[in-house]
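Enquirer:
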Amino acid sequence: MSTVAVEVTPTMPEVHYLNADYGWRSWLFTTDHKRIAWLYLFAITGFFAVGGLMATLMRLNLIEPQGALMEPASYNKLFTAHGLIMIFFFLAPSIPTVLGNFLIPIMIGARDVAFPKLNLLSWYIFMLAGSVFMLAVIRGGVDTGWTLYTPLSTTYANGHVLSAAVGIFISGFSSILTGLNFMVTIHKMRAPGMTWFRLPLFIWSLYATSVIFILAMPVIAITLALIALERVFHVGIFDPALGGDPILFQHLFWFFGHPEVYILILPSMGVVSELVAAGCRKRIFGYSFVAFSSVAIAAISFMVWGHHMFLTGQSVYAGFVFSALSFAVAIPSAIKVFNWTATMHKASVSYDTPMLYAIGFIGLFTIGGLTGLFLASLGTDVHLHDTYFVVAHFHYVMVGGAIMGYLGGLHLWWPKMTGKLYPEAWARFACLLVFAGFNLTFGPQFILGYLGMPRRYAVYPPEFQVLNVMSSAGASILAVGYFIPLVYFTWSAFKGPIAGPNPWGAKGLEWTIPSPPPTNNFEETPIVTQEAYAYGPEEAHVG
Amino acid sequence: MPTDRRRPTLADAPFGAVPVAHQFDDFEQQTTADTFGMWLFLATEVLFFGGLFCGYSLYRNLYFDAFTAGSHLLKVKYGAFYTVLLICSSLTMALGVRSAQLRRRTALTVYLILTWIMGFAFVFIKLRYEWYGDYLEGLAPGVHWAPSSESMEMIRHFHATVPHVGLFFIFYFCMTGLHALHMIVGVGLLTTLLIFTRQGRVTGGNYNWVEIVGLYWHFVDIVWIFLFPLLYLIGGRYV
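Protein chains in written order, with the working numbering: chain A, 42 to 584; chain B, 17 to 255.
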């Protein structure tokens with residue numbers, strides 16, 4: 042067993058994956074999983090900026106009850122594009138393709154993913170999908186909402202539904218190939234001694250995510266293909282006039298859609314497990330429960346889609362079942378929250394930025410998760426359906442949960458990715474801004490929704506103005522909070538102090554190799570003799 | 017036909033000659049990873065076809081008469097012929113996998129060519145004769161939807177409503193179309209495999225390429241085994 046040496050002056054290796062090769066070809070034709078992670082990081086940061094800009098415009102518009110900026114038609118296109126970009130081109134790929142690509146092979150002791158060329162191909166497919174979709178947005182956009190419900194997306198469509206659908210269709214294949222690659226990698230590429238229960242929990246959660254990628258993405262692909270057929274050949278699969286049924290679209294969409302939203306949160310849960318373990322310098326409490334809760338969430342996710350359709354002519358009995366199954370998701374979710382909290386119990390918790398994000402995640406995800414139960418209840422859902430309560434609920438999970446986890450993970454592994462440290466004080470400040478700005482943005486929306494303000498409207502009754510202005514003010518703070526890391530990460534990549542292989546004194550294979558890692562990750566395949574969280578008493582001697 | 021008399025086993029294959037990609041430790045890891053990847057891809061495919069099967073089941077339940085009428089308008093003899101063709105092609109594919117494992121290049125080439133011919137015949141007959149025939153009879157849904165008087169007779173016979181028969185044909189064309197697309201990809205894969213076999217790269221070590229293409233081929237065949245009764249044999253039709 043190796044112990045962590047105290048490094049007086051952190052060093053960087055002479056040759057590592059970032060300077061092993063130069064020129065744009067060495068990046069655009071790379072098959073190194075670490076470089077592909079960077080390709081994704083740049084791409085999704087761009088999409089995040091575009092989606093965030095759209096959210097900013099929407100919040101600006103809602104400062105005044107009659108709409109301060111734009112026509113309702115433009116507003117419809119804006120929230121549609123915001124939702125689709127954020128879900129398909131930022132959140133779904135964010136943690137898997139950036140942190141997952143970078144870390145999965147390293148964490149399991151492999152030189153690369155199982156199919157490196159396929160990995161690069163996934164990025165090109167993703168960029169193609171993004172380009173097709175953005176073209177649709179630029180040429181006039183779509184106004185159906187991210188759910189693309191028929192007949193709004195077929196018979197009555199007045200936007201570029203077809204090209205937007207093609208973009209999403211293509212992006213699905215990028216996700217499928219990524220998921221396939223990760224699953225094969227985790228199954229077949231683990232180093233000797235890296236048993237399933239020695240794996241970092243991040244790997245478990247990405248495994249569960251990959252299962253959903255493989256099983257849910259093809260369903261949206263075929264559904265969008267049917268929409269395209271209906272538009273091109275004027276057939277009526279979803280058109281009642283021709284014998285079809287628009288509700289079938291909703292079933293197919295949500296059979297994909299609900300697993301999809303767990304694609305967004307599961308990787309973040311995995312990141313938080315790593316953040317909490319590293320920040321508390323402790324083994325995660327109840328490792329196997331946390332590991333299996335990821336698998337359980339993935340499994341249950343395929344059986345709860347009907348809770349999106351309580352009010353769309355679904356039978357009451359189906360509603361009962363879907364409601365009960367949706368409540369069941371709370372159990373594995375709660376297991377995770379309780380186990381993270383239990384890990385922090387009596388630990389010497391560090392309050393460095395990654396841990397701050399983890400704590401923020403736990404709090405916000407708890408609110409987001411518990412308000413989900415309101416919506417999974419048949420009775421309250423009648424009142425809350427399609428109101429801002431729903432908007433607030435899923436933003437607490439998606440933004441307060443998924444993005445907090447993503448940012449926390451970026452901070453934890455930034456020294457590994459670049460070999461440089463980021464400025465801790467600025468990072469803590471940005472984290473607090475994100476937390477405060479987020480709550481100010483979406484907290485009032487719970488009240489707005491409870492009072493009955495429907496989502497997806499460009500205008501609202503004047504009595505809702507105070508809460509809407511609060512929400513818009515929060516959004517501006519949130520935007521600043523997201524902008525600051527962009528600045529200091531860029532600064533750190535060039536001018537930051539050298540980090541050394543293990544600046545956090547954390548456990549796990551990724552901290553045993555130099556930062557930045559060499560192209561092949563490991564000089565020779567490591568033999569693993571302990572679990573990823575082997576924080577033992579000997580740590581105390583090392584300091 | 018196999019020309020080499022000796023029956024070599026896996027043990028005396030020159031695996032050392034097979035280049036292993038840098039991310040793998042050994043040949044074993046590489047082959048099992050490749051095969052597992054194909055299995056996962058097939059899992060995706062099941063769900064991809066699954067959306068169509070789901071819609072099919074729904075509408076078949078809602079409009080059973082129309083689906084029966086639609087089924088009777090199909091050319092069932094073609095369907096039966098394809099079924100025989102594809103089952104035979106699965107056999108030659110499986111024999112090809114065995115030949116590859118035994119390093120019999122000539123036998124492998126023969127079996128791959130046989131499979132290729134049957135796959136190509138399926139696609140060609142399906143598109144050129146059956147689909148085109150359906151199209152001429154006005155059974156293609158959408159703007160060209162114009163069932164002939166004989167077809168209308170059949171529809172009336174089953175007390176079916178015309179738009180719902182159209183719905184059947186949407187599913188018929190979508191499901192067999194997606195299947196035919198997979199067959200075309202399969203024929204392409206076989207072509208590639210034949211080139212690699214000719215270069216000696218398959219029997220020289222990467223026998224698992226045949227296995228992987230074989231997995232795909234069998235999957236596409238199995239889809240047809242489901243499609244044939246679901247589309248052609250509705251309502252007790254045993255012609």
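The beta carbon of each residue, even a glycine, is placed where N, CA and C say it ideally should be.
To the nearest angstrom, report how far apart B/Gly230 and B/Phe189 are at their CA atoms.
Expert: The residue given as residue 230 of chain B occupies position 214 in the second sequence. The residue given as residue 189 of chain B occupies position 173 in the second sequence. One C-alpha to the other measures close to 26 Å.
Enquirer: How is the alpha helix (DSSP H) around A/Asn117 delimited, first residue to last?
Expert: Numbered from 1 along the first sequence, position 76 holds the residue referred to as residue 117 of chain A. Counting along the chain, the alpha helix (DSSP H) containing A/Asn117 begins and ends at Pro113 to Leu125.
Enquirer: Under 8 Å, Cβ to Cβ, is there at least one residue of chain A near B/Ile186?
Expert: Your numbering for residue 186 of chain B matches position 170 in the second sequence. Judged by the 8 Å Cβ criterion, B/Ile186 is in contact with chain A.
Enquirer: Tell me A/Lys461's beta-bridge partners as DSSP assigns them.
Expert: In the first sequence, the residue the question calls residue 461 of chain A occupies position 420. For A/Lys461, which the question treats as bridged, DSSP gives the partners A/Ile539.
Enquirer: Near A/Ala623, what residues of its chain come up, given a Cβ to Cβ distance below 7 Å and the 5 sequence neighbours on each side ignored?
Expert: Coverage of chain A is limited to positions 42 through 584, which leaves residue 623 of chain A absent and any answer about it impossible.
Enquirer: How many Å lie between A/Leu445 and A/Phe254 at the Cα?
Expert: By 1-based counting over the first sequence, the position of residue 445 of chain A is 404. By 1-based counting over the first sequence, the position of residue 254 of chain A is 213. Before going further, note that residue 445 of chain A is Met rather than Leu in the sequence given. About 22 Å.
Enquirer: How about the stretch 465 to 480 of chain A and the stretch 155 to 171 of chain A: do they share at least three Cβ pairs that are nearer than 8 Å?
Expert: Not touching, per the Cβ criterion.
Enquirer: Output, in chain order, the set of chain B residues within a Cβ distance shorter than 7 Å of A/His228.
Expert: As a position in the first sequence, residue 228 of chain A is number 187, starting the count at 1. Chain B residues near A/His228: Phe52.
Enquirer: Beta-carbon within less than 8 Å of A/Tyr576's beta-carbon, same chain only, minus the 5 sequence neighbours each way: which residues are those?
Expert: Taking the first residue of the first sequence as 1, we reach residue 576 of chain A at position 535. Result list for A/Tyr576: Ala318, Arg322, Lys323, Arg324 and Lys548, in chain order.
Enquirer: According to the Cβ coordinates, are A/Ile211 and A/Ile268 closer than 8 Å?
Expert: Numbered from its first residue, the first sequence carries residue 211 of chain A at position 170. Numbered from its first residue, the first sequence carries residue 268 of chain A at position 227. Against a cut-off of 8 Å, the Cβ pair of A/Ile268 and A/Ile211 comes out as no contact.
Enquirer: Using a Cβ cut-off of 8 Å, pull out every chain B residue sitting near A/Met148, in sequence order please.
Expert: Stepping through the first sequence from its first residue, residue 148 of chain A is reached at position 107. Ordered by position in chain B, no residue passes the 8 Å Cβ test against A/Met148, which lies about 15 Å from the chain.
Enquirer: For A/Ser513, count neighbouring C-beta atoms within 10 Å of its own C-beta (all shown protein chains included) and say buried if the count is 16 or more, exposed if not.
Expert: Counted from its first residue, the first sequence places residue 513 of chain A at position 472. Looking at its Cβ environment, which holds 16 or more other Cβ atoms inside 10 Å, A/Ser513 is buried.
Enquirer: Closer than 8 Å, CB to CB, is B/Tyr248 near chain A or not?
Expert: The residue labelled residue 248 of chain B in the question sits at position 232 within the second sequence. Cβ-Cβ to chain A under 8 Å: no for B/Tyr248.
Enquirer: Classify B/Pro245 as buried or exposed, calling it buried when 16 or more other Cβ atoms lie within 10 Å of its own Cβ.
Expert: Position 229 of the second sequence, counted from the start, is the residue given in the question as residue 245 of chain B. B/Pro245 comes out exposed.
Enquirer: A/Ala262 and B/Phe97 - do their beta-carbons sit closer together than 8 Å?
Expert: Position 81 of the second sequence, counted from the first residue, corresponds to residue 97 of chain B. Position 221 of the first sequence, counted from the first residue, corresponds to residue 262 of chain A. No, they are not a contact pair.
Enquirer: Please check if any C-beta of chain A sits within less than 8 Å of the C-beta of B/Val236.
Expert: In the second sequence, counting from the first residue as 1, residue 236 of chain B sits at position 220. By this cut-off, B/Val236 is not an interface position.
Enquirer: With distances taken between CB atoms, is the gap from A/Ile539 to A/Thr52 smaller than 8 Å?
Expert: In the first sequence, the residue the question calls residue 539 of chain A occupies position 498. In the first sequence, the residue the question calls residue 52 of chain A occupies position 11. Their beta carbons are under 8 Å apart, which means A/Ile539 touches A/Thr52 by this criterion.
Enquirer: Pop quiz: A/Val252 and A/Ser204 are said to be a contact at Cβ under 8 Å. What is the actual Cβ separation, rounded to whole angstroms?
Expert: Sequence index remark: in the first sequence, residue 252 of chain A carries index 211 (1-based). Sequence index remark: in the first sequence, residue 204 of chain A carries index 163 (1-based). About 30 Å; that fails the 8 Å criterion.
Enquirer: So is B/Gly182 in contact with chain A if we call contact Cβ pairs under 8 Å?
Expert: Working through the second sequence from its first residue, we reach residue 182 of chain B at position 166. Taking Cβ atoms only, chain A reaches closer than 8 Å to B/Gly182, which makes this a yes.
Enquirer: Grouping DSSP H, G and I as helix and E and B as strand, with all else coil, what is A/Pro456?
Expert: Residue mapping note: residue 456 of chain A aligns to position 415 of the first sequence, counting from 1. Here A/Pro456 sits in helix by DSSP.
Enquirer: Taking DSSP as the reference, what is the three-state secondary structure of B/Ile238?
Expert: As a first step, residue 238 of chain B must be located in the second sequence, where it is residue number 222. B/Ile238: helix per DSSP, three-state reduction.
Enquirer: Rounded to the nearest angstrom, what separates A/Gly14 and A/Leu451 at their Cα positions?
Expert: The requested residue 14 of chain A does not occur in the structure, where chain A is confined to residues 42 to 584.
Enquirer: Is it the case that the stretch 237 to 249 of chain A contacts the stretch 295 to 314 of chain A, given that we only count it when at least three CB pairs across the two stretches are under 8 Å?
Expert: Because the criterion of three Cβ pairs below 8 Å is met, the stretch 295 to 314 of chain A and the stretch 237 to 249 of chain A touch.
Enquirer: Here's the rule I'm using: 16 or more other beta-carbon atoms within 10 Å means buried, otherwise exposed. How should B/Ser115 be labelled?
Expert: Locating residue 115 of chain B in the second sequence gives position 99, where the first residue counts as 1. Classification of B/Ser115: buried, given that the 10 Å Cβ count is 16 or more.
Enquirer: I'd like the list of long-range same chain contacts for A/Pro300, defined as Cβ closer than 6 Å, with 5 residues on each side in sequence excluded.
Expert: Locating residue 300 of chain A in the first sequence gives position 259, where the first residue counts as 1. Cβ neighbours of A/Pro300 beyond the five flanking positions: Ile253, Ala257, Ser342 and Phe343.
Enquirer: Within 10 angstroms of the Cβ of A/Ala573, are there 16 or more other Cβ atoms? Answer buried if so, exposed if not.
Expert: Position 532 of the first sequence, counting from 1, holds the residue named residue 573 of chain A. It is buried - the Cβ of A/Ala573 has at least 16 other Cβ atoms within 10 Å.
Enquirer: Name the chain A residues that come within less than 7 Å of B/Gly67, Cβ to Cβ?
Expert: Here residue 67 of chain B refers to the residue found at position 51 when the second sequence is read from its first residue. Simply Val260, Ile263, Thr264 and Leu293.
Enquirer: For B/Ala85 versus B/Ala176, is the C-beta distance shorter than 8 Å?
Expert: Counted from its first residue, the second sequence places residue 85 of chain B at position 69. Counted from its first residue, the second sequence places residue 176 of chain B at position 160. Going by C-beta atoms, B/Ala85 is nearer than 8 Å to B/Ala176.
Enquirer: Just verifying my parser: in three-state terms, what is the DSSP assignment at A/Pro503?
Expert: In the first sequence, counting from the first residue as 1, residue 503 of chain A sits at position 462. A/Pro503: helix per DSSP, three-state reduction.
Enquirer: So, with DSSP's three-state summary, where would you put A/Pro495?
Expert: By one-based count along the first sequence, residue 495 of chain A stands at place 454. DSSP places A/Pro495 in strand when its eight states are reduced to three.
Enquirer: Look at A/Asp280 and A/Pro137 and say whether their C-beta atoms are less than 8 Å apart.
Expert: Counting from one through the first sequence, the residue named residue 280 of chain A turns up at place 239. Counting from one through the first sequence, the residue named residue 137 of chain A turns up at place 96. No. Outside cutoff.
Enquirer: For a minimum of 4 consecutive residues, which ranges assigned as the alpha helix (DSSP H) are wholly contained in the stretch 404 to 478 of chain A?
Expert: Entirely contained in the stretch 404 to 478 of chain A, the alpha helix (DSSP H) runs reaching 4 residues are, in chain order, 419 to 425, 429 to 438 and 445 to 459.
Enquirer: Going residue by residue through the stretch 299 to 346 of chain A, where are the continuous beta strand (DSSP E) segments of at least 3 residues, counting only ones entirely within it?
Expert: With a minimum length of 3 residues, no continuous beta strand (DSSP E) run stays inside the stretch 299 to 346 of chain A.
Enquirer: Exposed or buried, which one is B/Leu152 when buried takes at least 16 other CB atoms within 10 Å?
Expert: As a position in the second sequence, residue 152 of chain B is number 136, starting the count at 1. Counting Cβ neighbours within 10 Å, B/Leu152 comes out exposed, since fewer than 16 surround it.
Enquirer: Strictly below 8 Å CB to CB, what residues from chain A border B/Val159?
Expert: Numbered from its first residue, the second sequence carries residue 159 of chain B at position 143. Those are Phe274 and His275, listed as they occur along chain A.
Enquirer: CA-CA distance, A/Arg496 and A/Phe402?
Expert: Locating residue 496 of chain A in the first sequence gives position 455, counting from the first residue. Locating residue 402 of chain A in the first sequence gives position 361, counting from the first residue. If I take the Cα positions, the gap works out to 25 Å.
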